[in-house]
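Heads up: the structure comes next, in structure tokens.
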């Protein structure tokens, strides 16, 4: 009954490769997010979708491309991986509304070698 | 624009002692405030939130926080901590207008010692 699930949990790959992370939520939320957490635990928003429409696109390299096939799914594709992309990537969802808390997945630890 | 400051990167405390984790924010609009906890290798979980009304907010696991508008603070407290409270704690703010997104603080690592 996992509310927000991400796959894979761990991803180890070499520089220059392309990889994808998938996220699904079964909470019926309209808004989904991707956050990046670096080695110092700093959380930075990358993207946000509301009902399949991109509403937040922070300063993220073009190598990162989100895709939302429906409001329950938000995937993240990364091209030409670099060492600096190593981090934990969290998917989250929330109902519409600025006072709505976020529900996080357990994260995907990406290691680029 | 909003910002969140968690001044303490690490807070060691002995088991059964009280603890306070500090959070200050700045915003030009009214805000909603949240505390999240992250246990090792897990995502963030909501501890408590302040939306409006009473400035003292109670959350899960015995935590509470007090919203102080004049000091722009939202400090998290627990009267008696357990070993299991060892985790990373994040304060977050969401403005009620402008760009719709959360801003997270840099986190405070609470380490409870036996």
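Protein chains in written order, with the working numbering: chain U, 19 to 131; chain S, -5 to 108. The C-beta atom is built at its ideal place from N, Cα and C for all residues, glycine as well.
- In summary, the residues of the stretch 111 to 125 of chain U whose CB is separated from some CB of chain S by less than 7 angstroms are 116, 117, 119, 120, 122, 123, 124, 125, in the order they occur in the chain.
- From the beta-carbon of residue 60 (chain U), the residues of chain S found nearer than 7 angstroms are 100.
- DSSP places residue 98 (chain S) inside the beta strand (DSSP E), whose first and last residues are 96 to 98.
- About 6 angstroms separates the beta carbons of residue 9 (chain S) and residue 108 (chain S), which is inside the 8 angstroms limit, making them a contact pair.
- Taking C-beta separations shorter than 6 angstroms and ignoring five residues to either side along the sequence, the partners of residue 112 (chain U) in its chain run 47, 49, 118, 120, following chain order.
- Here DSSP, grouped into helix, strand and coil, assigns residue 55 (chain S) to helix.
- By DSSP's assignment, residue 85 (chain S) forms a beta bridge with S:29.
- Contact with chain S is found for residue 66 (chain U), since one of that chain's Cβ atoms lies less than 8 angstroms from the residue's Cβ.
- One finds nothing in chain S with a Cβ atom closer than 7 angstroms to the Cβ of residue 82 (chain U); even the nearest lies about 17 angstroms away.
- For residue 129 (chain U), the enclosing beta strand (DSSP E) begins and ends at 126 to 130.
- With respect to residue 15 (chain S), residue 83 (chain S) sits close: the two C-beta atoms are nearer than 8 angstroms.
- Nearest CB-CB separation between residue 74 (chain U) and chain S: below the 8 angstroms threshold.
- Beyond the five residues adjoining it in sequence on each side, residue 1 (chain S) comes within less than 7 angstroms, by CB distance, of 16 in the same chain, given in chain order.
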